[in-house]
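K.L.:
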Amino acid sequence: MAQDAQAPVMTGDDKPFESMMRRFDIAADILELDPGIYEYLKTPEKQVIISIPIAMDDGSIQVFKGYRVIHSTVRGPSKGGIRVTNIVNLNEVTALAAWMTWKCAVVNIPFGGAKGGIKCDPSRLTETQYEKIIRRYTANLSEIFGPDKDVPAPDVNTGEREMGWLMDTYSMHVRRTETAVVTGKPVIMGGSLGRREATGRGVMIVTLAAMRKLNLDPKQSTVVVQGFGNVGSAAAGLLQAQGCKIIGISDVTGAYYNKKGIDISDAMAFAAKNKRTLAGYTHAEKITNAELLELECDVLIPAALEDQIKPHNAKNINAKIICEGANGPTSALADPILQEKGIMVIPDILANAGGVTVSYFEWVQDRMGFFWTEKEVNERLERIMLESFEAVYNTAMVHKQPLRIGAYVLGIDRVAQVLKLRGIYA
Ligand code: NAD
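Numbering (the working numbering), first residue to last: 18 to 443.
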């Protein structure tokens, strides 16, 4: 079917779930999904909303709101991070949970999809208050979580420390130390070597694979990275090590451009001493984040937030490849504009799947009680990312679609096939 015939009516910007469904609908149409299977796959299995009452340091009580959405357990236990922001909501968490289902299926790991959220601004809390919130959230969801049921992980504003608190709280409830209940833990308590930079490494691997398809030489290529956190800084550093010239980087404090190239280890060392930000970085010219996205380059890596590339700026993007390190950085309405411009977009559910892949390795190692070397982790990650890139690329070619739709078709088909084999229990 021609792309035009499938293109949904474009009217204004979407909420995250609607944005996910626009792509889902195109893929469902290509797969000629049975209406019942369509309904089954779009509907989350479980949406839990909890209250998190906390005694604050001054003795007052505050009640926070927490979410856990299990989108699918068709292919295995559900997997997905916990996001803590003061704007997180059920629509966002549900979309992110569904994205996890398709992402795990695209890289063919035996997990379904989930996501969690806690509505609060952690920068306004003391460490003690934050720890209480994470522990009470875990306690209230202790019947949902479990190594064979639902396995959380870090996301925005949660990291190794919070995963450690979660593992301890869950373990206290089940009366045994259960490391495999959560991934993204500190290495010393059952985390995996290579997890910290896994998402950036995956971004680097699929970017190089895309360059090979377009006959671009990494040593002659320029790269721009939006976001200098876990994903962006690792991807920038690893691509630089492959010979790419990183001409632009950015974070919440602004963007930094140097046409001769930015030394990423120097920028990382600067950020490490500067409250993890690039504010005041002088080895590059300061520009705005909006200007950064429109710089002429071979590869643009949005690795910060969702909805950065929208119809108004998509038409000005000057890259040959966009590799989506972030989740949902391109709005569904911008997809056709990028496609028209001939930009190869490596979609988030493939591009940033290195993180969940090494989370899967962490879960496997915890369950075996036997840990791999960093070399083993990286080699296995590379194999999975390259196989997944080829599978997405081939699916897209067969259906004459962009890579994003190729990834959705591949992921949704894998879940639908298992669902049909399992059947509907009644
Ligand atoms: P992080 O918090 O470590 O870093 C985020 C970066 O984005 C920071 O440098 C921050 O300053 C910057 N930023 C924030 N607002 C910005 C703005 N308006 N303009 C430019 N930069 C801005 O987060 P992360 O773990 O690197 O995650 C980044 C994205 O990647 C998120 O969408 C996340 O969901 C996604 N992701 C992360 C992982 C992972 O393993 N960490 C895995 C898959 C997907």
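All residues carry an ideal CB built from backbone N, CA and C; glycine is no exception.
Could you check if residue 344 belongs to the surroundings of ligand 3, using beta carbon to heavy atom distance under 7 angstroms?
P.N.:
In terms of ligand content, the structure shown lacks ligand 3 and carries ligand 1 instead.
K.L.:
Do residue 14 and residue 137 have their CB atoms nearer than 8 angstroms?
P.N.:
Shown here, the chain extends from 18 to 443; a query on residue 14 therefore has no answer.
K.L.:
Tell me which residues share the same chain as residue 32 and place their Cβ nearer than 6 angstroms to its Cβ, disregarding the 5 neighbours each side in the sequence.
P.N.:
Excluding positions up to five away in sequence, the list reads 108.
K.L.:
Does residue 414 pass the burial test, meaning 16 or more other C-beta atoms within 10 Å, or should it be called exposed?
P.N.:
Exposed, by the Cβ-count rule.
K.L.:
Count the other C-beta atoms from every protein chain shown that fall within 10 angstroms of the C-beta of residue 289, then say buried if there are 16 or more, exposed otherwise.
P.N.:
By the neighbour-count rule (16 or more Cβ atoms within 10 Å), residue 289 is not buried but exposed.
K.L.:
Give the single residue among 122, 95, 81 and 89 whose Cα lies nearest to the Cα of residue 106.
P.N.:
Of the candidates 122, 95, 81 and 89, the one whose C-alpha sits nearest the C-alpha of residue 106 is 81.
K.L.:
Could you check where the beta strand (DSSP E) with residue 48 kicks off and where it finishes?
P.N.:
No beta strand (DSSP E) contains residue 48, which is instead part of the alpha helix (DSSP H) from 33-48.
K.L.:
Which value, in whole angstroms, describes the spacing of the CA atoms of residue 22 and residue 78?
P.N.:
Only weak support is given to the placement of residue 22: the predicted model assigns it a pLDDT of 31, under 50, and the question is left unresolved by the model.
K.L.:
Kindly confirm or deny that the region 179-199 and the region 358-371 touch, where touching means at least three C-beta pairs closer than 8 angstroms.
P.N.:
No, the region 179-199 does not touch the region 358-371.
K.L.:
Are the region 229-237 and the region 264-277 in contact at 8 angstroms, needing three or more beta carbon pairs?
P.N.:
With the cut-off at 8 angstroms, the region 229-237 and the region 264-277 do not touch.
K.L.:
With burial defined as no fewer than 16 other Cβ atoms inside 10 Å of the residue's Cβ, what is the status of residue 434: buried or exposed?
P.N.:
It is exposed - the Cβ of residue 434 has fewer than 16 other Cβ atoms within 10 Å.
K.L.:
How about residue 410 and residue 423: do their beta carbons lie closer than 8 angstroms?
P.N.:
Yes, they are a contact pair.
K.L.:
Would the beta-carbon of residue 216 be found less than 7 angstroms away from any heavy atom of ligand 1?
P.N.:
Under cutoff, so the answer is yes.
K.L.:
Can you grab the Cα-Cα spacing for the pair residue 103 / residue 342, in whole Å?
P.N.:
About 23 angstroms.
K.L.:
Quick check: what's the CA-CA separation for residue 384 versus residue 443?
P.N.:
The alpha-carbon atoms of residue 384 and residue 443 are separated by roughly 32 angstroms.
K.L.:
Output needed for residue 57: all residues of its chain with C-beta closer than 6 angstroms, excluding positions within five of it in sequence on either side, in chain order.
P.N.:
Hits under 6 angstroms: none found.
K.L.:
Beta-carbon separation of residue 370 and residue 123 under 8 angstroms?
P.N.:
Yes, the Cβ-Cβ distance between residue 370 and residue 123 is below 8 angstroms.
K.L.:
Is it right to say residue 291 is buried, meaning 16 or more other beta carbons lie within 10 angstroms of its own, or is it exposed?
P.N.:
The residue is exposed, with fewer than 16 neighbouring Cβ atoms inside 10 Å.
K.L.:
I'd like to know if the region 291-301 and the region 214-221 are in contact, where contact means that at least 3 CB-CB pairs between them fall below 8 angstroms.
P.N.:
Touching, no.
K.L.:
Does the distance between the C-beta of residue 367 and the nearest non-hydrogen atom of ligand 1 fall short of 7 angstroms?
P.N.:
No, the beta carbon of residue 367 sits no closer than 7 angstroms to any heavy atom of ligand 1.
K.L.:
Taking just the CA atoms, how far does residue 59 sit from residue 347?
P.N.:
Each residue's alpha carbon lies about 21 angstroms from the other.
K.L.:
Among 249, 441, 380 and 436, which residue has its Cα nearest to the Cα of residue 97?
P.N.:
Nearest of 249, 441, 380 and 436 to residue 97, Cα basis: 380.
K.L.:
Considering just the uninterrupted stretch of the alpha helix (DSSP H) at residue 396, what are its terminal residues?
P.N.:
Segment 391-415, the alpha helix (DSSP H) holding residue 396.
K.L.:
Out of curiosity, what's the CA-to-CA distance linking residue 281 and residue 249?
P.N.:
Each residue's Cα considered, the two are about 11 angstroms apart.
K.L.:
Kindly indicate which three-state DSSP category residue 212 falls into: helix, strand or coil?
P.N.:
Residue state, collapsed to three classes: coil.
K.L.:
Nearest to residue 318 by CA position, among 303, 332 and 345, is which residue?
P.N.:
Of the candidates 303, 332 and 345, the one whose C-alpha sits nearest the C-alpha of residue 318 is 345.
K.L.:
Is the beta carbon of residue 321 sitting closer than 8 angstroms to the one on residue 355?
P.N.:
Against a cut-off of 8 angstroms, the Cβ pair of residue 355 and residue 321 comes out as no contact.
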